[in-house]
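Protein chains: 2
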Amino acid sequence: MLTAHCNRDGFGAMTLSEQVYQDLRRDIVSGVLEPRLPLRLDRLKTRYGVGFSPLREALSRLQSERLVDAVALRGFTVAPMSIDKMWDAINTRLLIETDALRRAIDKGDDRWEATLVAAMHALSLQYRRLPDGPLKEPQTEALRQRHQEFHAALISACGSDWLLDFAEKLTLATERYRHTTMHRLIPEQRRDLDAEHRALMEAAVARDADRACGLLTEHYTLTGRHMAAQFGTGQAG
Amino acid sequence: MLTAHCNRDGFGAMTLSEQVYQDLRRDIVSGVLEPRLPLRLDRLKTRYGVGFSPLREALSRLQSERLVDAVALRGFTVAPMSIDKMWDAINTRLLIETDALRRAIDKGDDRWEATLVAAMHALSLQYRRLPDGPLKEPQTEALRQRHQEFHAALISACGSDWLLDFAEKLTLATERYRHTTMHRLIPEQRRDLDAEHRALMEAAVARDADRACGLLTEHYTLTGRHMAAQFGTGQAG
DNA sequence: AGATCTATTATTTTCGCAAATTCCTTGCCG
DNA sequence: CGGCAAGGAATTTGCGAAAATAATAGATCT
């Protein structure tokens, strides 16, 4: 049905399992599949055009990443969202990423700095390219991706596979909440965000670990407050 | 073939998928399936007496937990081990668990203290029950489980699902290295370990967070050194 | 001999169907 | 009228066959 692209970058082969895993993950993170929605295998089968096996495999992985809940013999549901869960994800993310950031600042070489500056530039361009009104699908997706790449670049030189793995999972978990608020970002907020990221990058390349970690904490905390405010309005209780 | 017990505790139904996931995980952590060993589906099918579907599902979950590596269309292998990976797991575990421990000490109630004291007692009993010579299978497994339960109890009241989840995964990752050394524990080392755990528990119930975290760091670092020493002798380069 | 193409084999991945289990409805009895 | 059991529908789970892909061996050509 929508099996258009079969492999992505020429290297890794793309099995149906991997494809449906990524599609499902995107649809959960972007909110297309709402929290607590039961994921019936029949529906998913027709929706993604694959059989049971790849679906179950994808759902198992998603369960390990806490994006879906599973009860044996009763199927899968989209993991619920709440403000408490959001703050738990954000706080844990701060614990992980501030430590990773310190290590990256300590160990990062020229190549790390270059990647970071490039990611910052790409993000900044995308911020300025946005129209004034509310944002729509292709733009939010591009912004989301560049934002993610910036924060990944920031800690990429930390030297710990475990920290990078945890950071990635927490990014997905927090991205779910971010998606709601991204559409309503007013130009002023965008400039603030751009400035926050730039200050963060500058502290990192200046090798000022304390300042960088402080800015990162402030950045995530502020984003958390915005998301919490928006989340309250869109939900019942 | 070995589908003897179908559900364990009366509550959660035990699907074959879950069963083979736990069996596979145990065999990887305990070293029965050696690092880098290719996990051929045919072999596993006869070994665990299940079909393709539960196996693939289990392997997918194990991949998310970094116990197996997977390359598309080329199958699964047991995740490799190295001293660098061991220290990465230990250091990350310390980051996670010291933070979790501080929160548990801050928020833990009487019930938490009771569970902790009980876990310490069970662990201590098992340490003293051990024979003097080298340890064999049923004893190491019991010791492993009680040790794991003690450290789980320590942080159980931290209030963060993410921290508990990460701690669990890192426990599995480090347990792989611990298994090699457990058989060769001499009585003197056992008494030291028992004392370390007791001091840790006492600091926790005394709500002395700094001291408890210091002891935890010391405990894991010391264990790491032991494991690194043993690991070097058992491997080539 | 070395390299390249082709045929064969081994292995993974996917699908369809059957079995097991849960959920929902309906009818029965107290 | 309410609780409960039985039957049927819906759903998950598991197995083996079939399709797709990688690895291997053999043959042909330069």
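Protein chains in written order, with the working numbering: chain D, 1412 to 1648; chain X, 1412 to 1648. No residue lacks a Cβ here, since even glycine has one placed at the ideal position from N, Cα and C. None of the values given here were measured: they were computed from a predicted structure.
Measure the C-alpha to C-alpha separation of residue i and residue j and round it to an integer number of angstroms.
i: A1529/D; j: E1599/D; result: 23 Å
i: S1475/X; j: R1602/X; result: 36 Å
i: T1644/X; j: A1553/D; result: 51 Å
i: L1581/X; j: R1504/X; result: 6 Å
i: H1532/X; j: A1623/X; result: 18 Å
i: R1557/X; j: I1439/X; result: 19 Å
i: K1456/D; j: D1520/D; result: 47 Å
i: Y1588/D; j: L1444/D; result: 13 Å
i: T1634/X; j: Q1559/D; result: 37 Å
i: E1607/X; j: Q1537/X; result: 15 Å
i: R1467/D; j: G1442/X; result: 28 Å
i: T1488/D; j: L1565/D; result: 33 Å
i: A1615/X; j: A1481/X; result: 41 Å
i: F1642/D; j: F1463/D; result: 34 Å
i: R1539/D; j: L1575/D; result: 29 Å
i: R1454/X; j: L1583/D; result: 35 Å
i: D1619/X; j: R1485/D; result: 44 Å
i: G1625/X; j: R1513/X; result: 11 Å
i: D1517/D; j: A1563/X; result: 32 Å
Cα-Cα, which of the options is closest to residue i?
i: L1473/D; options: H1558/D, D1495/D, H1608/D and A1490/D; result: A1490/D
i: M1638/D; options: A1617/D, E1613/D, R1437/D and T1585/D; result: T1585/D
i: L1596/D; options: F1577/D, A1500/D and R1555/D; result: R1555/D
i: A1525/D; options: D1621/D, E1613/D, S1428/D and Q1641/D; result: E1613/D
i: K1547/D; options: E1508/D, R1513/D and H1590/D; result: H1590/D
i: E1508/X; options: R1609/X, E1579/X and M1425/X; result: E1579/X
i: P1465/D; options: L1448/D, M1425/D and W1573/D; result: M1425/D
Please tell me whether residue i and residue j are closer than 8 Å, where the distance is taken between their beta carbons.
i: W1523/D; j: A1511/D; result: no
i: P1446/D; j: M1497/D; result: no
i: A1483/D; j: L1435/D; result: no
i: Y1459/D; j: V1479/D; result: no
i: L1604/X; j: L1627/X; result: no
i: S1571/X; j: D1495/D; result: no
i: L1427/D; j: L1506/X; result: no
i: L1534/D; j: F1561/D; result: yes
i: M1593/X; j: T1632/X; result: no
i: S1471/X; j: S1471/D; result: yes
Which chain X residues sit within Cβ distance under 8 Å of residue i?
i: L1484/D; result: A1424 and T1426
In chain X, what lies closer than 7 Å to residue i by C-beta?
i: A1623/D; result: Within 7 Å Cβ-Cβ: nothing; A1623/D doesn't reach chain X, min ~17 Å.
Report the neighbours of residue i on chain D: residues whose CB is nearer than 7 Å to its CB, in chain order.
i: D1499/X; result: S1571, D1572 and W1573
i: R1557/X; result: By Cβ distance, chain D contributes nothing, its closest Cβ being about 25 Å from R1557/X, past 7 Å.
i: S1471/X; result: E1468, S1471 and R1472
Applying a beta-carbon distance threshold of less than 8 Å, which residues of chain D neighbour residue i?
i: R1540/X; result: Correct list: empty, because the minimum Cβ distance to chain D is about 34 Å.
i: E1629/X; result: Neighbours of E1629/X on chain D: none; closest Cβ ~19 Å, over 8 Å.
Can you name the residues of chain X whose CB is closer than 9 Å to the CB of residue i?
i: S1464/D; result: F1463, S1464, R1467 and E1468
i: R1477/D; result: D1572, W1573 and D1576
Interface residues of chain D around residue i at Cβ under 9 Å?
i: E1429/X; result: A1483
**Study point:** Short-range partners of chain X found in the region 1559-1590 of chain D, where Cβ spacing is below 9 Å
**Key:** Within the region 1559-1590 of chain D, the residues whose Cβ lies closer than 9 Å to some Cβ of chain X are G1570, S1571, D1572, W1573, L1574, D1576, F1577, K1580, L1581 and A1584, listed in chain order.
Point to revise | Near-chain X residues of the region 1503-1527 of chain D - C-beta to any C-beta below 7 Å | key: When C-beta distances to chain X are compared with 7 Å, the residues of the region 1503-1527 of chain D below that value are T1503, L1506 and D1510, in chain order.
Review point. Of all the residues that make up the region 1432-1464 of chain X, which are near chain D by a beta-carbon distance shorter than 9 Å?
Key: The residues in question are Y1432, F1463 and S1464.
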